[in-house]
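These notes concern the structure reproduced below.
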Amino acid sequence: MSGTETYLLDGCARAGSHTLDVYRKHGGYDTLARVLKELTPAEVTEIVKDSGLRGRGGAGFPTGLKWSFMPDPAQDDRTRYMALNADESEPGTCKDRVLLREDPHRLIEGCLIAAWAMQLSAVYIYVRGEYRLPYDRVQAAVNEARAAGLVGAKILGTDFSCEIFMHKGAGAYICGEETGLMESLEGKRGHPRPKPPFPAGFGLWGQPTTVNNVETIFNVPFILERGADWFKNLGTEKSPGNFLCGVSGHVERPGVYEVPLGMPAQRILDEHAGGVWKGRALKAWFPGGSSTGLMPASTIDTPMDHDSIRGIGSMFGTGAMILLDETACVVRASFVIARFYDHESCGQCSQCREGTQWLSQIFERIEDGRGRPEDIDLLTDLAHGMAPGKTICALSDAAAIPTHSVVKHFRAELLEHIELGRCPLQAKRVAEGAPA
Amino acid sequence: MTKIILNGREVDADPEQPLIHACHTAGTDVPHYCYHPGLSPVGSCRICQVEVRMNAEAPPRVMVACRTPISEGMIVDTDAAPAHAARKECLEFLLKNHPLDCPICDKAGECTLQDYSFDEGQGAGRTVEPRRKLEKRKDLGDVIVLDQERCILCSRCVRFMDEIPKTPQLVVSQRGADSVIETFMDRPLTGNYQGNLADVCPVGALTLKPFRFKARVWNLQKSASTCAECSRGCSITTEVLRNGELKRFRPRANPDVNGYWMCDTGRFAFEHANAPERLAGAALRNGQGWTAVHPIDALEVARDMLVTHGTALLVASPFLTVEEGAALVALGRELGARPMFVSPPKNELADDLLHTGDPCPNRRGLTELGIDGLSAHDILAKIAEHESVVLVGERVAELMGPEALAALPAALRMIVFDSHLLDVPAADVCIGVPIHVERAGTWINIDGHAGRIAHARPAPAGVQLLTRSLEGLADLLTSETRAR
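Sequences listed follow chains E and F, in order. Using our numbering, the first residue of the first sequence is number 1447, and each one after it goes up by one. Using our numbering, the first residue of the second sequence is number 31, and each one after it goes up by one.
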């Protein structure tokens, strides 16, 4: 693991990177042409499987394996789809935005390679509603590609045809959940579907469907171009490749950085994000978006890969680190997070609908100085009632996990709030000009 | 059928149905709100959690029974401690914003939120937060009132409207804890199946306007019966207060006839049953007025009339049961007459769900007995050719047309078996009969299915069963013939 080789963001740096001309000048769509000519669909899936690529949307599921769940076209002649999940809305996560905006053609190439591998007839790109420029860039790229014979019927003169359709979400977090996304694409409320049936058997309009994240698909052209062995050389054995780490919060240089999987969070913080801002000490951090739980500063040397982060009782998630400095109040942070899930719960499942609201109300009460000693046990009980796996989708889990982690790692701070009857850090924040 | 082990006992399970169906079929209750056997399962309320092992070696997992497919040899424990714990937790969430206004809630006593909270919930709430304030009495049209605060968002009502009458009118709007059930643009609900919404609602959110605040459900005596409003003959429950007042008809599950539903026409058809001024016993014409007599005495007078005034025309009500129809046919044999029944024209209520548009609940049963249906108009034409006529059964006078009957000549001898006194010049003898909720019997529906009607409440004092009256009259005629 050298830690210096990059590929994901290389194209983004070029002037006019979002146009077909610039993309083709640097070898764009050559991999697609070669794949269509030289490789069978099964061979493509096998290469992706062999590369060990894991989904970058949060769950880290092996991509090649997911593709192989799609039924064999020889035995199941239903129309097959892919939904590309560009509904990036996990708090702290902003990696896909960069790719959509700066390198949309590589995404299209990835989609088409995936379409060949799974013999899809259409790919639906579901873009978060707030992503106006990224949406426009991808739409323009799809139009350019279609005009150049790269999308639609008889791609690059072969017998393979695949359409790409764009869809703009309306700004609901839950529509980033794969089955909620499919419901939304079908024009319904974004209510996640119970599983089984799984999307590969019963997806969009009841047809076999695979849902992949933007960054996942973005890796595919590189893997087909440079080979599975090249990819496995990057990152760790079980989590190969580079990933885009969105760093936000109390750091000197927040941003999206390309690093190999397995790089310690401390190094990402220091070498890329410029360390904790204003020379302060780190208090807590989320390893991969708000759903992954607030971890104490002592764990910041953990390598950023799926297994290592799981080892400290958290999740790699979307790889979006959010860092809180020593002046931050974890109760207030927990309230903000809980309020987010309360706002974004679709309201189907009882535990999630009522539980997210309840958690938010309790954290708000404790932060406002109206906490009761029994509230800490109540938080634990509620989080236990909401997860794991007690609801249709994982939003309830996403609200329960940070609750468990704050009770586990920051119980003293919760108790201090309750005993003082106020937030011990609030006076300091106000003095620094922050809103009360 | 697939074999599964349910609470230590091997039972048969329909592999096409979810696990909860197998549990219910085997007589094991599993709490449920969003699941309804007549609607598509959504698995959103999460109360039906049970412990499942795929085989004897597999680890136990708590999962929702309404979305768990049946697999051969699966081992299910509905009583496992983790399942109870999960249901208890779920109930705490369901009650977080519930107003707990059971003392003034019409659903109290038949509310499954109440029942399962009592069975498995915790004794005291742990929320200090203010409860959600929403609309307490939102008017959804002529039939339904919605209390949004009581709603637990199981979405049964939404799915009912989408899937059964196929007139999607209800939606869940807003999101998360702000979700509410609404109609589009607050338009009133329409259609002839709205009443089912109050049945599918597991809590007191959707209540029937005609039933609101009229009775406590534990005071209602329930009998299994059959609806009288059309030839579908939906299986129903007849619910009566202790004073005999009929309060509710509700559908009773019957896969052969009506599934789980009934139409509003049938549901609210109890005005006739609760009509006042019933004819108790019998009455004889006495000049311009009437004299109350015992039915036996009235039957003797009727016998004398029938013996002396030629062959009578026998006109039955379409509400006659098979048993009453048979008694009427037997009476007809004594008189040498073939009875017929009044068949009102088809109404416009027919739909492709349940209502047949034919208001004769026992058309098939009567026809098979040889009693044919004729229009009131045709029957009146026949009456003109007869010296005497016998009208038999509840509402027969109403269906013949009271005005037409009033126009008949006083010289006609008319014997009437009906629930109310028919005060027209032609009528000579009136004998009270029990109405459909006051007698037992059988109606045969349009598809040949036999539906039992129930004796749900006593008839007014002095009223004897129609079969008894008809058989008594036949007996009197037999002895008269022998005496001659």
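Here a beta-carbon is modelled for each residue, glycine too, at the ideal position from N, C-alpha and C. None of these values were measured; they are calculated from a predicted model.
Per DSSP, the bridge partner or partners of residue i
i: residue 1608/E; result: 1598/E
i: residue 1710/E; result: 1749/E
i: residue 175/F; result: 169/F, 237/F
i: residue 1771/E; result: 1728/E
i: residue 1453/E; result: Paired residue(s): none; residue 1453/E is not in a bridge.
i: residue 269/F; result: 252/F, 278/F
i: residue 32/F; result: 43/F
i: residue 447/F; result: 422/F, 461/F
i: residue 320/F; result: 315/F
i: residue 1742/E; result: 1730/E
i: residue 1669/E; result: Its beta-bridge partners do not exist; DSSP assigns none.
i: residue 474/F; result: 480/F
i: residue 301/F; result: Note: residue 301/F sits in no beta bridge, so no partner.
i: residue 79/F; result: 94/F
i: residue 62/F; result: Residue 62/F pairs with nothing; no bridge assigned.
i: residue 158/F; result: Residue 158/F pairs with nothing; no bridge assigned.
i: residue 203/F; result: 210/F
Min CB distance residue i to chain E below 8 angstroms
i: residue 157/F; result: yes
i: residue 127/F; result: yes
i: residue 47/F; result: no
i: residue 231/F; result: no
i: residue 73/F; result: yes
i: residue 119/F; result: yes
Contacts of residue i in chain F (Cβ-Cβ under 7 angstroms)
i: residue 1789/E; result: 206
i: residue 1513/E; result: Ordered by position in chain F, no residue passes the 7 angstroms Cβ test against residue 1513/E, which lies about 25 angstroms from the chain.
Cross-chain neighbours of residue i in chain F, by beta carbon under 9 angstroms
i: residue 1800/E; result: 122, 123, 124, 125, 126, 127, 207
i: residue 1872/E; result: Per Cβ cutoff of 9 angstroms: no residues; residue 1872/E is ~22 angstroms from chain F at best.
Per-residue contacts from residue i into chain F (C-beta, under 8 angstroms)
i: residue 1824/E; result: 156
i: residue 1793/E; result: 183, 202, 204, 205, 206, 207, 208, 209
Closer than 8 angstroms to chain F by CB, residue i
i: residue 1864/E; result: no
i: residue 1819/E; result: no
i: residue 1803/E; result: yes
i: residue 1807/E; result: yes
i: residue 1448/E; result: Model confidence at residue 1448/E stands at a pLDDT of 46, short of 50, so the residue's coordinates are unreliable; what they give is reported in the following sentence. Residue 1448/E does not count as touching chain F.
i: residue 1815/E; result: no
i: residue 1465/E; result: no
Beta-carbon neighbours of residue i, restricted to chain E and to distances below 9 angstroms
i: residue 182/F; result: 1796
i: residue 97/F; result: 1640, 1641, 1642, 1838
Interface partners of residue i on chain E, CB under 8 angstroms
i: residue 151/F; result: By Cβ distance, chain E contributes nothing, its closest Cβ being about 12 angstroms from residue 151/F, past 8 angstroms.
i: residue 186/F; result: Those do not exist, as residue 186/F stays about 13 angstroms from chain E at its closest Cβ, beyond 8 angstroms.
Chain-ordered chain E contacts of residue i [CB-CB under 7 angstroms]
i: residue 393/F; result: Ordered by position in chain E, no residue passes the 7 angstroms Cβ test against residue 393/F, which lies about 43 angstroms from the chain.
i: residue 482/F; result: Chain E residues near residue 482/F: none, gap ~40 angstroms exceeds 7 angstroms.
i: residue 179/F; result: Here the premise fails: no neighbours, minimum Cβ distance about 13 angstroms.
i: residue 83/F; result: Chain E residues near residue 83/F: none, gap ~16 angstroms exceeds 7 angstroms.
i: residue 76/F; result: 1795, 1796, 1797, 1836, 1837
Near the ligand NAP: residue i beta-carbon under 7 angstroms from a heavy atom
i: residue 406/F; result: Annotation note on the ligand NAP: not contained in the displayed structure, which lists no ligands.
Quick one: complete alpha helix (DSSP H) runs, 4+ long, within the stretch 1673-1726 of chain E?
1674-1679
Check each residue of the stretch 1832-1863 of chain E: if its Cβ is closer than 7 angstroms to any Cβ of chain A, include it; give the result in chain order.
The structure shown contains no chain A; its protein chains are E and F.
Contact list for the stretch 1639-1652 of chain E against chain F, Cβ threshold 8 angstroms:
Near chain F, meaning a CB-to-CB distance below 8 angstroms, the residues of the stretch 1639-1652 of chain E are 1640, 1642.
With 8 angstroms as the C-beta to C-beta threshold (strictly closer), list the residues of the stretch 105-116 of chain F near chain E in chain order.
Answer set for the stretch 105-116 of chain F: 116.
Closer than 9 angstroms, Cβ to any Cβ of chain E: which residues of the stretch 276-297 of chain F, in chain order?
In summary, no residue of the stretch 276-297 of chain F has a CB separated from any CB of chain E by less than 9 angstroms.
Extract the residue ranges of the beta strand (DSSP E) inside the stretch 1764-1848 of chain E, only unbroken runs of 3 or more that lie entirely within it.
1766-1771
Considering only residues of the stretch 363-419 of chain F, which uninterrupted alpha helix (DSSP H) runs meet the minimum length of 4 residues and lie entirely inside it, listed in chain order?
393-398, 406-413
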